[in-house]
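Asker: Residue numbers (my numbering): 238 to 392.
For each residue, glycine too, the CB sits at the ideal point set by N, CA and C.
Keep in mind that this is a model prediction, so the values were computed, not measured.
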C-alpha cells in the first residue's frame with residue numbers, strides 16, 4: 238500500500254533467503270535485520286511500521302529521520318512478557334531519540350469504506366501481497382510453524 242501511495246519502501250527480514258522475494262514484490266530496499274539497521278539506514282526513515290516488537294525497536298528508532306514516527310503494532314514472541322508485568326530492559330523510553338515519535342495502535346482505525354478500498358485494491362492487483370498459502374481458522378497455529386514462507390494469510 239505504501240508503494241501504491243508513492244512512498245519509498247524499506248523492508249527487513251531476519252531470514253537472508255527472503256531478501257530476493259521482498260525485492261521481487263517491489264520493495265525499494267530489502268535489508269537483513271542483523272541488529273545493524275540503524276547504521277545501514279542512517280536516519281532516512283520518516284515513517285516506520287514496527288511489527289516485531291521490542292527486540293529490535295531500538296534499531297528501528299535509530300533509523301528514523303528527525304520528526305519521524307515509528308508505530309509499534311506488534312510484539313511477536315513478547316506478548317506474554319509485556320502483559321505479565323515484567324520489566325522490559327532496557328526500558329523502551331531510554332532509546333527513543335530526541336525529535337522522534339513513538340506511537341502504537343491496537344486495532345484498525347479505518348472505517349468500512351477505507352477497508353473496502355484496501356480489499357478492492359488487493360483484488361485488483363493494485364497492492365502486491367506475498368501470500369504463499371491460505372490457512373483456515375481451524376489451522377490457526379500452522380502459520381507460526383511455517384515462518385519460512387514469504388507471507389501467510391489467516392482467515
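Is any beta-carbon of chain D found at less than 9 angstroms from that of residue 267?
Answerer: In summary, chain D is missing from the structure at hand, where a single protein chain is found.
Asker: May I have the straight-line CA-CA distance separating residue 391 from residue 372, to the nearest angstrom?
Answerer: Translated into the one-based positions of the chain shown, residue 391 becomes position 154. Translated into the one-based positions of the chain shown, residue 372 becomes position 135. Any answer about residue 391 is weak, because its pLDDT of 46 lies below 50 and its placement is not dependable; what the coordinates show is given next. Those two C-alpha atoms are separated by around 5 angstroms.
Asker: Kindly list the residues whose CB is nearer than 8 angstroms to the CB of residue 263, restricted to its own chain and excluding five residues on each side of it in sequence; keep chain order.
Answerer: Translated into the one-based positions of the chain shown, residue 263 becomes position 26. Only 240, 246, 365 meet the Cβ criterion.
Asker: Counting only runs of 4+ residues fully inside the segment 336-362, write out the alpha helix (DSSP H) ranges in chain order.
Answerer: Within the segment 336-362, the complete alpha helix (DSSP H) runs of at least 4 residues are 349-360.
Asker: Taking the alpha-carbon of residue 286 as reference, which of 279, 259, 248 has the nearest alpha-carbon?
Answerer: On the chain shown, position 49 is the one that residue 286 refers to. Ranking the options by Cα distance to residue 286, first place goes to 248.
Asker: Okay, do the segment 267-276 and the segment 302-310 touch, 3+ Cβ pairs below 8 angstroms being the bar?
Answerer: Taking 8 angstroms as the limit for Cβ pairs, the verdict is that the segment 302-310 does not touch the segment 267-276.
Asker: Spatial neighbours of residue 363 within its chain, please: C-beta separation below 7 angstroms, excluding the five flanking residues on both sides.
Answerer: Residue 363 sits at position 126 when you count from the first residue of the chain shown. Contacts found: 241.
Asker: Have a look at residue 369 and residue 352 and give me their C-alpha separation to the nearest angstrom.
Answerer: On the chain shown, residue 369 is found 132 positions in, with the first residue counted as 1. On the chain shown, residue 352 is found 115 positions in, with the first residue counted as 1. Using only the alpha carbons, I get a separation of about 22 angstroms.
Asker: Less than 9 angstroms between the C-beta atoms of residue 302 and residue 280, yes or no?
Answerer: Here residue 302 refers to the residue found at position 65 of the chain shown. Here residue 280 refers to the residue found at position 43 of the chain shown. Result yes, Cβ atoms of residue 302 and residue 280 sit closer than 9 angstroms.
Asker: Can you list, in chain order, the residues of its chain whose CB lies under 8 angstroms from that of residue 359, leaving out five sequence neighbours each side?
Answerer: Mapped onto the chain shown, residue 359 falls at position 122. For residue 359, where only same-chain residues beyond five positions count, the Cβ hits under 8 angstroms are 366.
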